[in-house]
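A.B. asks: One structure, pasted below without further comment.
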């Protein structure tokens with residue numbers, strides 16, 4: 126019956142192997158007469174009409190070969206498939222099943238190549254987006270198989286090129302298996318760069334076609350980042366780090382943050398440096414939320430004594446936008462609180478238009494008693510030039526009732542001048558004697574103290590801090606000593622608030638009471654633990670992260686990415702997509718006191734640059750979107766053009782310049798194929814990095830966009846699992862089984878099963894020996910063919 130011989134001519138067999146296999150098949154076809162046909166296949170399928178006819182050897186499309194054979198045998202017949210079974214495209218097994226349904230039987234003859242030495246660059250990776258001046262890492266992956274006779278390491282030379290410029294050169298040693306090498310470089314001017322890695326080997330290699338690989342990266346304009354400071358002078362190290370990593374950094378104090386969204390649109394991202402919600406109006410916080418959600422920009426919030434739960438984010442738009450909630454993380458048991466309110470009762474506290482600041486302060490103290498739980502302790506100390514205990518320290522629910530405590534607070538009378546030093550000395554000393562895991566004091570005053578010796582204040586507060594006491598301050602009105610109160614809170618590990626209106630006093634005092642009860646502060650040496658791999662930690666080993674000394678304890682959101690956590694499981698670093706933008710939370714802060722060791726960490730700048738950059742909008746967004754797609758070996762350039770308002774841009778003139786891997790270029794015109802879409806099929810035969818620069822012109826306006834594209838090395842030359850010569854055997858056996866055929870160790874065995882062929886085989890019994898000799902020469906030829914493949 127009719128017979129088709131499918132002969133693998135892909136490069137994985139080597140030139141001598143291809144020639145021997147073709148000669149063997151053509152000899153059998155000649156013996157079989159006119160009913161036999163030979164088809165050569167690789168990337169394509171060829172019917173040989175002369176000795177020079179050849180298939181493209183850069184791929185192995187077994188499915189295409191079986192499909193052509195089925196077309197040549199419409200009434201059924203027999204197919205012999207001579208191949209190593211390594212397919213680089215198509216689905217040969219599915220095609221074999223269709224062939225069986227058409228009445229074809231497929232016998233297979235596996236061709237097993239000798240285990241030859243082979244080194245290949247299997248990948249090169251670089252960040253997709255970079256900024257001018259940003260340091261980045263290129264990772265080059267190399268596989269090495271010593272072959273049956275090889276052993277040990279192989280010396281090689283690794284080069285990295287940007288276009289035609291040599292960036293780096295390394296002497297490396299390849300071990301059997303997978304090898305990885307890293308090269309650091311600094312991004313230059315904006316534009317798309319072509320990166321190429323090359324491997325040079327003195328010996329021990331079979332294919333040269335896989336000794337290079339390419340990647341592209343886009344260097345964008347420097348990102349614009351606004352740092353919002355909770356306190357003047359903060360964040361200097363962080364600003365320097367981001368600037369050194371190619372960002373343009375501005376800073377502003379929180380109170381001056383614009384409340385109009387339009388005033389923030391020139392910034393790609395915002396970093397909150399230990400910012401308290403009390404420093405921001407509702408409009409400012411809402412603007413920050415919409416900056417991320419509606420406009421797609423980035424936000425990073427950092428920890429400190431004035432942020433997250435400690436900064437009163439709970440229930441605000443700030444909590445909405447962040448990947449963590451202000452709920453305290455689960456704990457076996459909540460700590461007891463000892464809360465001290467030090468209330469200014471000087472005469473100036475009673476002077477107000479309409480509402481007395483002193484009355485508001487007493488109301489605040491009364492509200493604080495309502496917020497405390499049984500077993501907590503409360504003390505209220507009034508002061509002018511003297512101190513007076515309105516409520517001596519006592520346990521809530523023991524002794525006086527809450528109502529009686531509130532009556533005592535209400536009975537506190539105003540007095541004369543102001544002595545903050547005396548009030549702190551008496552109050553903090555008494556608080557130090559109280560039991561309770563959390564001991565916290567809040568100072569409320571509108572005046573300036575008779576004593577202005579900062580050293581005395583520092584000694585008082587730091588002594589209390591060493592005893593585990595924290596201090597927050599509330600400055601009431603413009604006459605208060607805001608600088609002193611701000612500094613007291615900093616020394617005391619607490620928060621500073623400014624109450625511009627008497628009505629603000631109860632709210633701020635109640636907030637402090639709730640913060641104390643939530644116990645959100647963790648201060649102890651710890652190491653961050655990796656929760657999941659994430660782009661923010663690219664090229665950073667979690668084991669190398671420096672020690673931390675504290676953080677604000679919050680709870681993770683279920684939909685957020687938890688990246689780093691504490692040993693207790695609390696979030697340390699989290700990020701998420703919020704609307705059109707991204708937000709991240711770093712709970713330990715930017716430096717002292719909890720991340721002081723990070724300032725001297727060599728990767729400090731890289732960590733912060735990657736964290737901030739992760740949240741920033743994609744600079745490749747815009748009215749012109751360019752992409753390239755590949756299907757069945759064909760590459761298509763697609764350009765989508767959008768007008769302001771989101772409508773497709775039609776009837777535009779669209780042109781592209783394609784920069785080839787060798788630096789040459791070609792210009793093409795695109796045609797409109799759909800509303801706002803322009804396309805053109807491209808021929809990109811050579812592997813490597815291409816740059817596609819597109820210009821869209823309409824109504825006298827011109828928009829430009831450039832993207833990178835990598836044409837990979839043909840998969841025929843890439844290493845595959847099981848490089849022992851048998852990796853395609855399973856596929857070949859499945860093809861034979863699906864069609865009712867057989868697997869033969871050699872083609873002469875398959876030929877021996879064809880009826881009427883025995884005599885013919887006897888008359889030509891010498892040809893298998895000749896083929897065997899040719900196959901032996903094939904192995905020798907592959908060992909020296911590296912020079913043949915090199916260009």
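Numbering (the numbering used here), first residue to last: 126 to 916. All C-beta atoms, glycine included, are put in the ideal place defined by N, C-alpha and C. Only a predicted model underlies this, so the values are computations on that prediction, with no experimental measurement involved.
1. Indicate whether the contact test is met: 3 or more Cβ pairs, each with one atom in the segment 587-597 and one in the segment 552-563, closer than 8 Å.
2. Tell me which residues share the same chain as residue 807 and place their Cβ nearer than 6 Å to its Cβ, disregarding the 5 neighbours each side in the sequence.
3. Within 10 Å of its beta-carbon, does residue 894 have 16 or more other beta-carbons around it, so buried, or fewer, so exposed?
4. Leaving out five residues on either side along the sequence, give the residues of the same chain with a beta carbon under 6 Å from the beta carbon of residue 266.
5. Hey, quick one: how far does the beta strand (DSSP E) through residue 304 stretch, first residue to last?
6. Rounded to whole angstroms, what is the Cα-Cα separation between residue 505 and residue 695?
7. Could I get the ranges of all uninterrupted beta strand (DSSP E) runs contained in the segment 331-389, with 3 residues as the minimum, in chain order?
8. Within this structure, are the beta carbons of residue 383 and residue 344 separated by less than 8 Å?
9. Could you tell me the boundaries of the alpha helix (DSSP H) in which residue 223 lies?
10. State the Cα-Cα distance for the pair residue 818 and residue 791, rounded to the nearest angstrom.
11. Do you know how far the Cα of residue 499 is from the Cα of residue 512?
12. For residue 212 and residue 236, I'd like the C-alpha separation in whole angstroms.
13. With DSSP run on the structure shown, which of helix, strand or coil describes residue 260?
14. Could you tell me whether the segment 324-332 touches the segment 695-707, where touching means 3 or more Cβ pairs closer than 8 Å?
15. In terms of residues, what are the limits of the beta strand (DSSP E) holding residue 623?
16. What are the uninterrupted segments assigned as alpha helix (DSSP H) that are 4 or more residues long and contained completely in the segment 714-781, given in chain order?
17. Cβ of residue 183 within 8 Å of Cβ of residue 423?
18. Which first and last residues belong to the alpha helix (DSSP H) in which residue 196 is found?
19. If the criterion is Cβ atoms closer than 8 Å, does the pair residue 153 and residue 131 meet it?
20. With three or more beta-carbon pairs closer than 8 Å as the criterion, would you say the segment 801-816 touches the segment 771-788?
21. Might you give, ordered along the chain, the residues of its own chain that have their beta carbon closer than 7 Å to the beta carbon of residue 587, omitting 5 neighbours on each side?
22. Considering only heavy atoms of the ligand NAP, does any lie closer than 7 Å to the CB of residue 280?
23. According to DSSP, is residue 537 part of a helix, a strand, or is it coil?
24. With a threshold of 8 Å on Cβ separation, who are the neighbours of residue 219 within its own chain once the five nearest residues in sequence on each side are excluded?
25. For residue 137, count neighbouring Cβ atoms within 10 angstroms of its own Cβ and tell me buried if that reaches 16, exposed if not.
26. Going by C-alpha to C-alpha distance, which of 657, 703 and 646 sits closest to residue 679?
27. Any chance the segment 350-357 sits against the segment 395-408, with 3 or more Cβ pairs inside 8 Å?
28. Pick helix, strand or coil for residue 146, following the three-state DSSP scheme.
29. Buried or exposed: where does residue 755 fall if 16 or more other Cβ atoms within 10 Å of its Cβ makes it buried?
30. Smallest Cα separation from residue 372: which of 824, 773 and 738?
31. Contact between the segment 200-207 and the segment 823-837 is defined here as three or more beta-carbon pairs at a separation below 8 Å; is this criterion met?
32. Ignore the nearest five residues each way along the sequence and tell me which others in residue 863's own chain have a CB closer than 7 Å to its CB.
33. Buried or exposed: which applies to residue 575, given that a residue is buried once 16 or more other Cβ atoms fall within 10 Å of its Cβ?
34. Who pairs with residue 823 in a beta bridge, going by DSSP?
35. How about residue 428 and residue 713: do their beta carbons lie closer than 8 Å?
36. For residue 841, I'd like the list of residues in its chain whose CB is within less than 7 Å of its CB, leaving aside the five on either flank, ordered along the chain.
C.D. replies: Once the coordinates are examined:
1. yes
2. Your numbering for residue 807 matches position 682 in the chain shown. Within the same chain, residue 807 has close Cβ partners 760 and 762.
3. Taking the first residue of the chain shown as 1, we reach residue 894 at position 769. Confidence at residue 894 is low in this model, with a pLDDT of 37, below 50, so the placement of that residue should be treated as unreliable; the coordinate-derived value is given next. Result: exposed.
4. Mapped onto the chain shown, residue 266 falls at position 141. So the qualifying residues of the chain are 247, 248 and 305.
5. Mapped onto the chain shown, residue 304 falls at position 179. Residues 302-311.
6. Position 380 of the chain shown, counted from the start, is the residue given in the question as residue 505. Position 570 of the chain shown, counted from the start, is the residue given in the question as residue 695. Distance between the alpha carbons of residue 505 and residue 695 is about 34 Å.
7. 337-344, 349-354 and 373-378
8. Translated into positions along the chain shown, residue 383 becomes position 258. Translated into positions along the chain shown, residue 344 becomes position 219. No, they are not a contact pair.
9. Against the chain shown, residue 223 aligns to sequence position 98. Taken as a continuous stretch (DSSP letters only), the alpha helix (DSSP H) holding residue 223 covers 217-226.
10. Residue mapping note: residue 818 aligns to position 693 of the chain shown, counting from 1. Residue mapping note: residue 791 aligns to position 666 of the chain shown, counting from 1. Those two C-alpha atoms are separated by around 11 Å.
11. The residue labelled residue 512 in the question sits at position 387 within the chain shown. The residue labelled residue 499 in the question sits at position 374 within the chain shown. Near 27 Å, if we compare the C-alpha coordinates of residue 499 and residue 512.
12. Within the chain shown, numbered from 1, the residue matching residue 212 stands at position 87. Within the chain shown, numbered from 1, the residue matching residue 236 stands at position 111. Computed Cα separation, rounded: 13 Å.
13. Here residue 260 refers to the residue found at position 135 when the chain shown is read from its first residue. If DSSP states are grouped into helix, strand and coil, residue 260 belongs with the strands.
14. no
15. To locate residue 623, count along the chain shown from 1; it is residue 498. That run of the beta strand (DSSP E) goes 618-624.
16. 729-740
17. For the purposes of this step, residue 183 is taken as the residue at position 58 of the chain shown. For the purposes of this step, residue 423 is taken as the residue at position 298 of the chain shown. Against a cut-off of 8 Å, the Cβ pair of residue 423 and residue 183 comes out as no contact.
18. In the chain shown, the residue the question calls residue 196 occupies position 71. Its alpha helix (DSSP H) spans residues 187-197.
19. Your numbering for residue 153 matches position 28 in the chain shown. Your numbering for residue 131 matches position 6 in the chain shown. Contact: no.
20. yes
21. Residue 587 sits at position 462 when you count from the first residue of the chain shown. Contacts found: 616.
22. Absence of the ligand NAP from the depicted structure is noted, as is the absence of any ligand whatsoever, leaving it without description.
23. The sequence position of residue 537 within the chain shown is 412, counting from 1. Coil at residue 537, not helix or strand.
24. Locating residue 219 in the chain shown gives position 94, where the first residue counts as 1. Counting only Cβ-Cβ distances below 8 Å, and skipping sequence neighbours, we find 188.
25. Position 12 of the chain shown, counted from the first residue, corresponds to residue 137. Classification of residue 137: buried, given that the 10 Å Cβ count is 16 or more.
26. For the purposes of this step, residue 679 is taken as the residue at position 554 of the chain shown. Of the listed residues, the one whose Cα sits closest to residue 679 is 646.
27. yes
28. One-based indexing of the chain shown puts residue 146 at position 21. Correct three-state label for residue 146: helix.
29. The residue given as residue 755 occupies position 630 in the chain shown. That one is exposed.
30. Within the chain shown, numbered from 1, the residue matching residue 372 stands at position 247. Of the listed residues, the one whose Cα sits closest to residue 372 is 738.
31. no
32. Along the chain shown, read from residue 1 onward, the residue named residue 863 stands at position 738. Excluding residues within five positions, the ones whose Cβ falls inside 7 Å are 218, 221, 222 and 225.
33. One-based indexing of the chain shown puts residue 575 at position 450. Flag for residue 575 reads exposed.
34. Within the chain shown, residue 823 is the residue found at index 698, counting from 1. Paired residues: 826.
35. Translated into the one-based positions of the chain shown, residue 428 becomes position 303. Translated into the one-based positions of the chain shown, residue 713 becomes position 588. Yes, the Cβ-Cβ distance between residue 428 and residue 713 is below 8 Å.
36. On the chain shown, residue 841 is found 716 positions in, with the first residue counted as 1. If we look at residue 841 and ignore the five residues flanking it on each side, its Cβ neighbours are 135, 136, 137, 183, 184, 185 and 213.
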